[in-house]
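See structure below.
Residue numbers (our numbering): 22 to 199.
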């Protein structure tokens with residue numbers, strides 16, 4: 022055995038290198054685990070936000086279907102659709118190539134909701150023309166159209182389409198979050 026390997030400083034140096042390498046590996050592993058957990062938590066928050074919007078959409082479609090029978094005080098919800106977590110997911114930079122379908126669906130959904138919210142700000146939150154076709158508002162027929170394309174406004178139909186698409190993407194990629 023060479024003499025320099027018996028020197029006490031060599032043992033200290035090797036020990037220091039081993040501790041540093043172990044610390045680096047542990048930190049790297051912890052960061053990878055935390056990154057994955059953060060991404061999963063963000064996606065879970067988007068799913069919850071989607072579910073809130075889903076309830077609001079179902080309520081609006083239900084009111085549109087019975088518009089001719091509604092109570093005069095019934096109105097479409099004045100509450101805005103939720104997009105805070107969706108915006109956080111889009112702007113997080115955490116979605117790589119593997120998440121391209123989710124990112125595309127999220128961008129389209131956010132854009133559709135943003136347009137809808139803009140219409141609500143301009144026309145007023147209680148304006149039913151944002152949700153249903155204008156010709157059905159003041160003189161609704163005895164039977165409301167059953168086909169959504171004949172009942173709902175174009176902007177609301179766009180929200181429904183994008184809402185359904187991101188719901189499909191999320192439920193296929195993350196079925197355990199629903």
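Heads up, the beta-carbon is just placed ideally off N, CA and C, and yes, glycines get one too.
A quick note: this is a predicted structure, and the numbers were derived from the prediction, not measured.
Checking 9 Å against the spacing of the C-beta atoms, do residue i and residue j come in under that value?
i: residue 130; j: residue 184; result: yes
i: residue 113; j: residue 63; result: yes
i: residue 102; j: residue 151; result: no
i: residue 170; j: residue 153; result: no
i: residue 84; j: residue 95; result: yes
i: residue 180; j: residue 122; result: no
i: residue 100; j: residue 69; result: no
i: residue 116; j: residue 193; result: no
i: residue 195; j: residue 65; result: yes
i: residue 75; j: residue 188; result: yes
i: residue 157; j: residue 148; result: no
i: residue 86; j: residue 198; result: no
i: residue 163; j: residue 108; result: no
i: residue 200; j: residue 71; result: The question about residue 200 has no answer, for the chain in this structure spans 22 to 199.
Kindly indicate if chain D contains any beta-carbon less than 9 Å away from that of residue i.
i: residue 164; result: The displayed structure is made up of one protein chain only, and chain D is not part of it.
Which residues does DSSP pair with residue i in a beta bridge?
i: residue 173; result: 153
Based on Cα-Cα distance, which residue from the options lies nearest to residue i?
i: residue 128; options: 57, 67, 32; result: 67
i: residue 138; options: 104, 29, 164; result: 104
i: residue 136; options: 176, 49, 118; result: 176
i: residue 91; options: 168, 186, 160, 182; result: 160
i: residue 155; options: 28, 172, 58; result: 172
Are three or more beta carbon pairs between the segment 73 to 80 and the segment 28 to 37 nearer than 8 Å? no
Go through the segment 81 to 155 residue by residue and report every complete run of the alpha helix (DSSP H) that reaches 4 residues or more, in order. 105 to 112, 121 to 144
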